[in-house]
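Encoded as structure tokens, the structure appears first; notes follow it.
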Amino acid sequence: MSKLQPARGTRDIYGDDARHMTMVVDTFKRVAASYGFEEMVTPIFEFTEVYKRPLGEASDIVSKEMYSFEDRGGEEITLRPEFTAGVCRAFISNGLQQNLPCRFMSHGPAFRYERPQKGRYRQFHQINAELLGSDAPESDVDMLSLAWRILSELGISDDVVLHFNTLGDVQSRTQYRDALVAYFSKHKDTLSEDSKRRLTTNPLRILDSKDASDKEIVANAPLISGSLTDEARSFFDTVRRGLDVIGIPYHHDERLVRGLDYYTHTAFEFVTSALGAQGTVLAGGRYDGLIEQLGGPVTPGIGWAGGIERLAMLSQAGAAPARSVVMMPMGDAATLKAFALAEGLRRNNFTVTQDRSGNLKKRLNRANKASARFAVVIGDNELENGVVALKDLDTGTQQEISFDRLASAIQESNK
RNA sequence: GCGGGUGUAGCUCAGUUGGUUAGAGCGCCAGUUUGUGGUACUGGAAGUCGCCGGUUCAAUCCCGGUCACUCGCCCCA
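Residues in the first sequence are numbered from 0 upward in steps of one, following numbering that gives the first Met the number 0.
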């Protein structure tokens, strides 16, 4: 590597990108808190088994996308490829089943060894919400409501469509899987190579194949609604009624499935067409068997994860950095005085930086480029008289202010 | 993992049908103003033409490989 560059699929995040992503996370935390969610910060790596079991040995994530390694103590370790399994492990490890339901929010990086594309990185970032311990369909509505609220506050709810389906309970899902395998096996000869493989690894996934001839076959494939038990059907209807009451528009997509084995009942994706092939910005569903599968007490759960990069690309919203006051001391004595003045201003919640190099012209130039709001010039003349020259960089006006009145003068001009 | 496109200054891009000193705009630096910005004018710095190899008298240009980005597939947030 002759040029110093970040490892493939990783990138440095700064400037506007960083501001947009921070806005996504801040909005997420604020809104999730208003739904009663509390932070759960789990380790960024876990024993490999934590992800291997729930995700399914055959899943692509486990079979070829995980960053797994043996650490120096001989333990099999994996960088988290998603949040749910880790949060559930934490739930079990800490015996949190005493106070159900639990509502956890998390955010941070996750890792998958994939071919990078726009909006798809090997180190990517997610916001994640999990609600553990409620098997009521109303909880599914709560989770969708939370997601919708966040998308709305990010200003992108008009740009996404909620695709929504049910996978039924375990019995429904098993029946459906069998029905699909039976149906697709009849058409095996005309299925694409990818889908022939899926027939054994993940038959549900054939339903969203993009292959033209697959699509023809899929058009007549049996639907999950034909395999639903009465309970599963009634569960689904309750969730739908909830969405109607809250006023979340959705598209009932009978072919929407999940890639991961642990999902049951509600499955959903908020999708945009603005990001090319990586259109899913937030997705999740119910996973009633997961915690038990990990060795914990039987506990239902529902959760979702949102891609921070993708959400940030869509929303393009970010808090502008606070406009600063720049101290411009001329000479050693003034430099010392500027320290004291700056501290005083910061105690009054102003953002203050120091610029001590170059002539005044240069400093004002820099301040201008940095969108600073005020310049405070202190030289020997000012020191003698106990004043500073306070320059309003927006209006260009300048006035002499005594040391002790500086904060209030800035406050006044900034109105 | 598979297929297509791209890679020239900090950024956005021209260009060379293979031939001496590779260009523009923006940005950056300096000056016109010994302590007063945004405008204007003048001047300047900055590129191993992604990297390695091959063909050739000669490669930034052609060929091969490689790395990265990008679009689609796969997968998925």
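Beta carbons are placed, not taken as given, at the ideal position from N, Cα and C, and that holds for glycine. Being a predicted model, the structure only gives us computed values, none of them experimental.
Spatial neighbours of L203 within its chain, please: CB distance less than 6 Å, with the 5 preceding and 5 following residues excluded, ordered by chain position.
V256
In angstroms, rounded to a whole number, what distance separates the CA positions of S1 and E192?
At S1, the pLDDT of 37 sits below 50, so the modelled position is not reliable and the matter cannot be decided from this model.
Once you ignore the five residues that flank S208 on each side, which residues in its own chain have a CB closer than 6 Å to its CB?
Closer than 6 Å at Cβ, skipping near neighbours: S194.
Classify T41 as buried or exposed, calling it buried when 16 or more other Cβ atoms lie within 10 Å of its own Cβ.
buried
Using C-beta distances below 6 Å, list every residue in its chain close to F402, excluding the 5 sequence neighbours before and after it, in chain order.
G385
Secondary structure at I301, three-state DSSP: helix, strand or coil?
strand
Among the residues of its own chain, which have a CB less than 7 Å from the CB of P221, if the five just before and after it don't count?
A178, L179, Y182
Could you check where the alpha helix (DSSP H) with T26 kicks off and where it finishes?
Boundaries of the alpha helix (DSSP H) harbouring T26: 14-33, taken from the DSSP string.
In terms of residue numbering, what span does the beta strand (DSSP E) encompassing Q398 cover?
397-401
Helix, strand or coil for T271, going by three-state DSSP, please let me know.
coil
Give a yes or no on whether the C-beta atoms belonging to E268 and Y120 are separated by under 8 Å.
Contact flag unset, no.
Are the beta-carbon atoms of M327 and R372 separated by less than 8 Å?
no
How far does the beta strand (DSSP E) with G284 in it extend, from its first residue to its last?
Looking at the DSSP string, the run of the beta strand (DSSP E) that includes G284 is 279-285.
Give the straight-line distance between the Cα atoms of P320 and T77, rounded to the nearest whole angstrom.
37 Å
Quick check on this structure: which residue in T237, E291, D213, T228 has the alpha carbon closest to the alpha carbon of R254?
D213
Assuming the contact rule is C-beta atoms closer than 8 Å, L161 and H250 should be a hit. Round their C-beta distance to whole Å, please.
7 Å
So, using beta-carbon positions, are P296 and S133 closer together than 8 Å?
No. Outside cutoff.
If you compare alpha carbons, which of T47, R18, K390, V23 is closest to L150?
V23
So T26 and G317 are supposed to be a Cβ contact under 8 Å. How far apart are they, rounded?
For T26 against G317, the beta-carbon gap comes to about 11 Å, at or over 8 Å, which does not count as contact.
Starting from the N-terminal side, write out each stretch of the beta strand (DSSP E) that is 3 residues or longer and does not extend beyond the region 94-131.
101-110, 122-131
Take H19 as the anchor and find which of S67, L153, E37 has the nearest alpha-carbon.
L153
Between F163 and G343, what straight-line distance do the alpha-carbon atoms span, to the nearest angstrom?
For the pair F163 and G343, the Cα-to-Cα distance works out to about 55 Å.
Could you tell me the distance, in whole angstroms, from the CA atom of K368 to the CA atom of A374?
13 Å
Under a Cβ-count criterion, where at least 16 other Cβ atoms within 10 Å of its own Cβ denotes burial, should E38 be classed as buried or exposed?
exposed
Is the Cβ-Cβ distance between G330 and D379 less than 8 Å?
yes
Leaving aside the five residues before and after Q397 along the sequence, list all residues of the same chain whose C-beta is less than 6 Å from its C-beta, in chain order.
A388, K390
Could you check the C-alpha separation between R365 and I409 for me, to the nearest Å?
20 Å
When we look at the beta-carbon of N98 and count the other beta-carbons within 10 Å, is it buried (16 or more) or exposed?
Around the beta carbon of N98, a 10 Å sphere encloses fewer than 16 other beta carbons of the protein chains shown; the residue is thus reported as exposed.
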